[in-house]
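Enquirer: Sequential numbering of the sequence shown, starting at 20, is according to our numbering. We put the beta carbon where it would ideally sit given N, CA and C, even for glycine. Because the structure is a prediction, the values reported are computed rather than measured. This is the structure I want to talk about, given as structure tokens.
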Amino acid sequence: MRAKGIACCATRIDLALLLSQTGPSVSVEPLSYWVASLPKEKRKVQSSKTQAF
Numbered sequence: 020m021r022a023k024g025i026a027c028c029a030t031r032i033d034l035a036l037l038l039s040q041t042g043p044s045v046s047v048e049p050l051s052y053w054v055a056s057l058p059k060e061k062r063k064v065q066s067s068k069t070q071a072f
């Protein structure tokens with residue numbers, strides 16, 4: 020079984036985590052901050068790259 024993706028932790032909701040699992044091996048690493056958790060003046064909106072999902 021393999022899995023890889025971005026996750027959120029309930030105790031660190033401002034931090035995006037990279038979750039990777041292959042067989043019995045699991046790793047969780049800090050990846051970045053969620054843009055929504057940053058102050059408005061630090062958010063950079065890239066209108067040409069932003070897509071609505």
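From Ser-56, Pro-58, Leu-57 and Tyr-52, pick the residue whose C-alpha is nearest to that of Leu-36; which is it?
Expert: Against the sequence shown, residue 36 aligns to sequence position 17. If we check each option's Cα against that of Leu-36, Tyr-52 comes out closest.
Enquirer: Just to confirm my understanding: we take Lys-61, look at its own chain, exclude 5 residues before and 5 after, and list those with CB closer than 6 Å. What are they?
Expert: Locating residue 61 in the sequence shown gives position 42, where the first residue counts as 1. Correct list: empty, nothing qualifies.
Enquirer: Among Ile-25, Asp-33 and Ala-22, which has the Cα closest to the Cα of Pro-58?
Expert: The residue given as residue 58 occupies position 39 in the sequence shown. It is Asp-33 whose Cα lies nearest to the Cα of Pro-58.
Enquirer: Regarding Ala-29 and the ligand MN, is the C-beta to nearest heavy atom distance less than 7 Å?
Expert: The ligand MN is absent from the structure shown, which contains no ligands of any kind.
Enquirer: Starting from Leu-38 and walking both ways along the beta strand (DSSP E), at which residues does that stretch end?
Expert: As a working note, residue 38 is residue 19 in the sequence shown. First-last of the beta strand (DSSP E) with Leu-38: 31 to 41.
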